[in-house]
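The listed protein sequences derive, respectively, from chains A and B.
Under this note's numbering, the very last position in the first sequence is 202; numbers go up by exactly one each time.
Under this note's numbering, the very last position in the second sequence is 1291; numbers go up by exactly one each time.
A quick write-up on the structure given underneath.
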Amino acid sequence: MLRIAFSGALAILLASAASADLTVTVRNGSGSPVADAVVYLADGGGRSSTQTNIDQIDKEYVPYVTAVQKGTKINFPNHDRIRHHVYSFSEAKTFEIPLYKGTPAEPILFDKPGVVVLGCNIHDWMKAYVFVADTPHFAVTDSSGTARIAGASGGQVSVWHPRMAGQAPAKAASGGSVDLVIEEKRTWRPRRAPSAGGATYR
Amino acid sequence: MLTLGFAGLAFSAPASAEWVDWIAEAGTGFEYNDNLNVSAFRDDQESDYAWLAAGRGGRVYQITDDTRLSLVGEFESRKQFDWEDFDRVKLRARASILHKFGVGPNVPRLRVHGSGGYMWVGDSDRNSWLWETGFDVTKRFTPRIDALVFFKYTNRDGGSGDVVVPTIQSNVWDQENFQVGAAGNFLVWENLLLSAGYTYHHGEFDSSCTVGNVGKVFDREGDNVKAIAVNNVFGGCTYRLGGHVHQASVNLNYGIGDRWSVDAGYKFLQGKADVLIYRTNVATLSVLFRY
Ligand SMILES: [Cu+2]
Chain A
1 MLRIAFSGAL
11 AILLASAASA
21 DLTVTVRNGS
31 GSPVADAVVY
41 LADGGGRSST
51 QTNIDQIDKE
61 YVPYVTAVQK
71 GTKINFPNHD
81 RIRHHVYSFS
91 EAKTFEIPLY
101 KGTPAEPILF
111 DKPGVVVLGC
121 NIHDWMKAYV
131 FVADTPHFAV
141 TDSSGTARIA
151 GASGGQVSVW
161 HPRMAGQAPA
171 KAASGGSVDL
181 VIEEKRTWRP
191 RRAPSAGGAT
201 YR
Chain B
1001 MLTLGFAGLA
1011 FSAPASAEWV
1021 DWIAEAGTGF
1031 EYNDNLNVSA
1041 FRDDQESDYA
1051 WLAAGRGGRV
1061 YQITDDTRLS
1071 LVGEFESRKQ
1081 FDWEDFDRVK
1091 LRARASILHK
1101 FGVGPNVPRL
1111 RVHGSGGYMW
1121 VGDSDRNSWL
1131 WETGFDVTKR
1141 FTPRIDALVF
1151 FKYTNRDGGS
1161 GDVVVPTIQS
1171 NVWDQENFQV
1181 GAAGNFLVWE
1191 NLLLSAGYTY
1201 HHGEFDSSCT
1211 VGNVGKVFDR
1221 EGDNVKAIAV
1231 NNVFGGCTYR
1241 LGGHVHQASV
1251 NLNYGIGDRW
1261 SVDAGYKFLQ
1271 GKADVLIYRT
1281 NVATLSVLFR
1291 Y
């Protein structure tokens, strides 16, 4: 009887330790939740996953923002029945996967921290971002502006977003959560909808 | 050595040469034209509204990583509210080669195209073969701004109408034109695209007038009247002139999702023969779709 009670308590303890996530919410100046924001801790050892995918679905990159730890390989499976031509001119990673269908044979290694902007040489509107972090402790906010950094309970939390104006100062988390506010600026990408004239690659 | 050369060629041939994409576009709209008959005389000008419908369908063949060939069938039609003799259907086949000078959004693109087709008009005297060739260079400067310059040669091969003056030809709808122009697109808001363009036409155009004004045309244009034919659509004659046309246009296009847009356009054309001036204003409101 005692043994059962003990193992039950242990299970609860373990469960609460495993769910020690840091909840971060990101809002903009007018209080609306900001999706696709990368939140990350200043430092920390360990290793997050070493490989992930950025898909191409209906002539868009999915997801729009991907956060990875330095040293992660990303593959770019093309789920469309047409070809895409992935490229980046960013300092953190310059590469090109010329026209292809299906999944490229070799994933791309992101070995330098920074922001990598992805484009497609056929579809000008296709755009996505890879945030290469120096730490394994990061997450990307969902549509409610919330992200959970797994296995962390406190620390200095920084934020990055494609529309962020300037650099928001890092903020200390307390009690397992922190709220961040960023100033957004307008960013532009070529429009996809048809027009009478226009520069489509056809 | 020759073998080596061939081997090298084979090696550098892009693995990507194949059919890669489809083109499917459609549009429908409404037009107002204040000078349907392109008359130089205010008392002859006829205005009208029309329904428009157009579609394009085809395939894209990737020749190299940077060069694509597209083969497209084009359909264009209009149904006039009052002047049904001006209803028309155009069917064309077009081939274009598009080359992008490198990788990235801002590298220039060159497109060379040629097309041939036929136009059926309510007034069957105006039925014509349509031929066209040209090129354009497009450049994006920022995600919000792009521009293009173009050159186009058009040749309309029509029939002949009934002779008016025995010494003057009646092949009014045989017309040749050269066009050069430039256009710019500016993204005002994420979905709102403002376009403006200018085209200079050099060549021939036709104009229709009532019998009472034919004398004035010969008075002022004399030898510049290249052809004239009886045409009852506007109760008189249609004639062909040499001259040039300045065309200015502006469009405001609102994107709805990825595939639809609503387009409001305005076009002003001013044709100048030796003496006479031909002014036309055209306004359109259309819905565009691209798969
Ligand atoms: Cu693409």
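Cβ atoms here follow ideal geometry from the backbone N, Cα and C, with glycine treated the same way.
It should be emphasised that the depicted structure is a prediction, and the values quoted were computed from it without experimental measurement.
Inter-residue spacing [alpha-carbon to alpha-carbon] between residue i and residue j
{"i": "Ile4(A)", "j": "Ser158(A)", "result": "Note that Ile4(A) scores a pLDDT of 48, beneath 50, so its modelled location is shaky and nothing firm can be said."}
{"i": "Asp1021(B)", "j": "Val1060(B)", "result": "5 Å"}
{"i": "Glu1070(B)", "j": "Val1112(B)", "result": "It is worth fixing the name first, because residue 1070(B) is Ser in this sequence and not Glu. For Ser1070(B) and Val1112(B), the distance between alpha carbons rounds to 11 Å."}
{"i": "His137(A)", "j": "Ala172(A)", "result": "14 Å"}
{"i": "Leu1002(B)", "j": "Ile1097(B)", "result": "Bear in mind that a pLDDT of 37 at Leu1002(B), under 50, signals an unreliable position, so the number given afterwards is only what the model happens to contain. So the alpha carbons of these two residues sit roughly 30 Å apart."}
{"i": "Ser1195(B)", "j": "Asp124(A)", "result": "18 Å"}
{"i": "Tyr64(A)", "j": "Gln1080(B)", "result": "47 Å"}
{"i": "Ala20(A)", "j": "Ala1264(B)", "result": "56 Å"}
{"i": "Arg202(A)", "j": "Trp1131(B)", "result": "With a pLDDT of 46 at Arg202(A), under the threshold of 50, the modelled position of this residue cannot be trusted, and the question is left open."}
{"i": "Gly102(A)", "j": "His79(A)", "result": "6 Å"}
{"i": "Ile1277(B)", "j": "Val1072(B)", "result": "36 Å"}
{"i": "Ala139(A)", "j": "Leu22(A)", "result": "10 Å"}
{"i": "Ser48(A)", "j": "Asp111(A)", "result": "14 Å"}
{"i": "Leu1193(B)", "j": "Ala196(A)", "result": "10 Å"}
{"i": "Ala1024(B)", "j": "Asn1213(B)", "result": "46 Å"}
Limits of the unbroken alpha helix (DSSP H) element including residue i
{"i": "Glu1132(B)", "result": "Note, Glu1132(B): premise wrong, no alpha helix (DSSP H); beta strand (DSSP E) at 1128 to 1140."}
{"i": "Phe1218(B)", "result": "1211 to 1221"}
Three-state secondary structure assigned by DSSP to residue i
{"i": "Val1164(B)", "result": "coil"}
{"i": "Phe1268(B)", "result": "strand"}
{"i": "Asp1125(B)", "result": "helix"}
{"i": "Phe1234(B)", "result": "helix"}
{"i": "Glu183(A)", "result": "coil"}
{"i": "Phe76(A)", "result": "coil"}
{"i": "Asp58(A)", "result": "coil"}
{"i": "Glu1204(B)", "result": "strand"}
{"i": "Asp1021(B)", "result": "strand"}
{"i": "Asn1033(B)", "result": "strand"}
{"i": "Phe1186(B)", "result": "strand"}
{"i": "Gly1155(B)", "result": "Reading the sequence as shown, one finds Asn at residue 1155(B) and not Gly. Strand at Asn1155(B)."}
{"i": "Asp1274(B)", "result": "coil"}
{"i": "Asn121(A)", "result": "coil"}
{"i": "Phe1150(B)", "result": "strand"}
{"i": "Asn1253(B)", "result": "strand"}
{"i": "Asn1224(B)", "result": "helix"}
{"i": "Glu106(A)", "result": "coil"}
{"i": "Asp1085(B)", "result": "helix"}
{"i": "Ala139(A)", "result": "strand"}
{"i": "Ala1093(B)", "result": "strand"}
{"i": "Gln1062(B)", "result": "strand"}
C-beta atoms of residue i and residue j nearer than 8 Å
{"i": "Asp1274(B)", "j": "Glu1204(B)", "result": "no"}
{"i": "Tyr129(A)", "j": "Pro162(A)", "result": "yes"}
{"i": "Trp1173(B)", "j": "Arg1126(B)", "result": "yes"}
{"i": "Ala67(A)", "j": "Asp142(A)", "result": "no"}
{"i": "Leu1052(B)", "j": "Glu1074(B)", "result": "no"}
{"i": "Trp160(A)", "j": "Val115(A)", "result": "yes"}
{"i": "Thr1199(B)", "j": "Gly1029(B)", "result": "no"}
{"i": "Arg191(A)", "j": "Asn1191(B)", "result": "yes"}
Continuous beta strand (DSSP E) stretch holding residue i: start and end
{"i": "Glu1046(B)", "result": "Segment: none, Glu1046(B) is in no beta strand (DSSP E) and carries neither H nor E."}
{"i": "Lys1079(B)", "result": "1067 to 1080"}
{"i": "Ser88(A)", "result": "84 to 90"}
{"i": "Ala196(A)", "result": "Premise fails: Ala196(A) is in no beta strand (DSSP E) and is neither H nor E."}
{"i": "Asn53(A)", "result": "51 to 53"}
{"i": "Val34(A)", "result": "Segment: none, Val34(A) is in no beta strand (DSSP E) and carries neither H nor E."}
{"i": "Val1107(B)", "result": "Unbroken run through Val1107(B): none, as it is neither H nor E."}
{"i": "Gly29(A)", "result": "That residue, Gly29(A), is in no beta strand (DSSP E); it is neither H nor E in DSSP."}
{"i": "Tyr64(A)", "result": "Note, Tyr64(A): premise wrong, no beta strand (DSSP E); not H, not E."}
{"i": "Lys171(A)", "result": "171 to 173"}
Other residues of its chain near residue i: CB distance less than 8 Å, five sequence neighbours each side excluded
{"i": "Arg1109(B)", "result": "Leu1098, His1099, Lys1100, Phe1101, Val1137, Thr1138, Lys1139"}
{"i": "Val181(A)", "result": "Val26, Arg27, Asn28, Gly29, Ala168"}
Residues near residue i by beta carbon distance below 6 Å, same chain, minus five either side
{"i": "Gln1270(B)", "result": "His1246, Arg1279"}
{"i": "Arg1092(B)", "result": "Glu1074, Ser1115, Gly1117"}
{"i": "Gly1236(B)", "result": "Cys1209, Thr1210, Val1211"}
{"i": "Trp1019(B)", "result": "Arg1059, Tyr1061"}
{"i": "Arg1078(B)", "result": "Ala1050, Leu1052, Arg1088"}
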